[in-house]
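Have a look at this one:
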């Protein structure tokens, strides 16, 4: 069981790490909104027959409202934001910023679900967001042609992920992974339908761009979300979201190998600070003793 969970964890990180590369290739011709809409629409088409075969369409209707919100938070908004971001900044930098999702998850859990933050988690949040500030400082150029808004888009996407994880914990506990995956992609498709039609490119995208969207839909969305929601069901949302630890490693590898992107020492240092903060904020590392209740 543990080896299966570990294998799925690594596979999920590899798939989501590749998504940044495919988003860049797809968004370059489709545009951010149409790339996101095409991605979730195709993913829904892949997942719906699987859900029908498993006889779980009734569960989809039962949780339609919560699944729509889940789709908007976990797919529609972040996919569009990242598709926009990777046209201006490297996929490696985008993936490092993506790793802040557990920080936002812990923050949202504290503000919304009133989960207690001990000294370790507070220190983790402070370190993690300090790492983000250091990493983003030199990119905070909001003039024409600058990359500031791309960084803001990445952080907006990770905030959505943090909200989505807590929303799933609050409203979708016990829902089968396939229902969660299908419902989220279907909800995202509904939410992005009109914007996708509005922003659909006038010029027909190339075969490479289409293949990138198909790869995003089939592997980085349909398969990945089945794995993700299955991990949530087996290990809980707090542990499942720590998959973001490994995503930057795969994304940087793909970016340097296939896109010729450069990785700077500053990115590595700041990424290390962020990951240290995540380890503390999620409870994976607890160096500070906490008082025991008497």
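In our numbering, the protein residues as written are 415 to 708.
Cβ coordinates follow ideal geometry from the N, Cα and C atoms, glycine included.
Treat the numbers as computed from the prediction; the structure is a model and nothing was measured.
Length of the line joining the Cα atoms of residue i and residue j
i, j, result
"residue 624", "residue 533", "48 Å"
"residue 414", "residue 637", "For the chain, the structure presents residues 415 to 708; residue 414 sits outside this window and is missing."
"residue 436", "residue 550", "23 Å"
"residue 606", "residue 564", "20 Å"
"residue 420", "residue 681", "27 Å"
"residue 577", "residue 522", "6 Å"
"residue 562", "residue 503", "9 Å"
"residue 560", "residue 495", "16 Å"
"residue 447", "residue 698", "36 Å"
"residue 374", "residue 433", "Not covered by the structure: residue 374. The range shown for the chain is 415 to 708."
"residue 601", "residue 443", "24 Å"
"residue 519", "residue 571", "12 Å"
"residue 620", "residue 579", "35 Å"
"residue 441", "residue 492", "14 Å"
"residue 556", "residue 417", "46 Å"
"residue 622", "residue 524", "43 Å"
"residue 677", "residue 575", "25 Å"
"residue 530", "residue 696", "12 Å"
Environment of residue i [buried if 16+ CB atoms lie within 10 Å]
i, result
"residue 538", "buried"
"residue 674", "exposed"
"residue 707", "Here the model assigns residue 707 a pLDDT of 45, short of 50, so the residue's position is not dependable and the matter cannot be decided."
"residue 542", "buried"
"residue 535", "buried"
"residue 488", "buried"
"residue 630", "buried"
"residue 486", "buried"
Cβ-Cβ distance between residue i and residue j below 9 Å
i, j, result
"residue 429", "residue 597", "no"
"residue 394", "residue 684", "Since the first and last residues shown for the chain are 415 and 708, residue 394 lies out of range."
"residue 654", "residue 581", "no"
"residue 615", "residue 445", "yes"
"residue 599", "residue 639", "yes"
"residue 586", "residue 484", "yes"
"residue 626", "residue 509", "no"
"residue 632", "residue 424", "no"
"residue 659", "residue 694", "no"
"residue 453", "residue 500", "no"
"residue 566", "residue 477", "no"
"residue 618", "residue 451", "no"
"residue 661", "residue 457", "no"
"residue 679", "residue 540", "no"
"residue 663", "residue 449", "no"
Cβ-Cβ separation, residue j to residue i (assumed contact under 8 Å), whole Å
i, j, result
"residue 516", "residue 649", "Not really, about 13 Å apart at Cβ, beyond 8 Å."
"residue 465", "residue 471", "6 Å"
"residue 591", "residue 647", "6 Å"
"residue 422", "residue 645", "6 Å"
"residue 669", "residue 506", "5 Å"
"residue 511", "residue 569", "6 Å"
Check: residue i C-beta below 8 Å from any heavy atom of the ligand MG
i, result
"residue 630", "This structure simply doesn't include the ligand MG, nor any ligand for that matter."
Chain B within 9 Å of residue i, Cβ atoms only
i, result
"residue 633", "No chain B is present in this structure, which holds just one protein chain."
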